[in-house]
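A.B. asks: For the sequence shown, the working numbering assigns the number 473 to the initial residue and increments by one for each residue that follows. Submitted below is the structure of interest, expressed as structure tokens.
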Amino acid sequence: MAAQFLSEMKSIIVSTLTYLHRHAWTIIFIIGGVYLCYDNFLHPLIHKYQTHQSYKQATDPNRIAVLSPDMRRVRAKQQQAARQRALQAEEERRQRVRMEKERKRVKSPEEERWDMLGGKG
């Protein structure tokens, strides 16, 4: 029984290899053609369909109605944070300008003497 099974397996393998040997180039060209058709025609169509479905789901009125209040709340929070950063940056800029003016200011002789003595007069 095992010998018969092995004999049948051997004949199947030999016939398969013979078939592949005779039709190898045909199989290779068919596989290449199918790949090129998929890559150039089918894949772009699938991608376009998936993109359209994704857009359709993202712009669904029911979904937008649920997410709009959250979006407005988050945007308001972002605007508040941006305003705070702008005010802080403006204050820092004014302080830098003030310090630059003080640094460039010419001191009177009395102020220079006062600074040399360490503030003791």
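All C-beta atoms, glycine included, are put in the ideal place defined by N, C-alpha and C.
How long is the line joining the alpha carbons of residue 492 and residue 504, rounded to whole angstroms?
C.D. replies: Locating residue 492 in the sequence shown gives position 20, counting from the first residue. Locating residue 504 in the sequence shown gives position 32, counting from the first residue. Rounded to the nearest angstrom, the two C-alpha atoms are 16 Å apart.
A.B. asks: According to DSSP, is residue 473 helix, strand or coil?
C.D. replies: For the purposes of this step, residue 473 is identified with residue 1 of the sequence shown, where counting begins at 1. If DSSP states are grouped into helix, strand and coil, residue 473 belongs with coil.
A.B. asks: Please report the residue range of the alpha helix (DSSP H) in which residue 531 lies.
C.D. replies: In the sequence shown, the residue the question calls residue 531 occupies position 59. Here residue 531 belongs to no alpha helix (DSSP H), and DSSP marks it neither H nor E.
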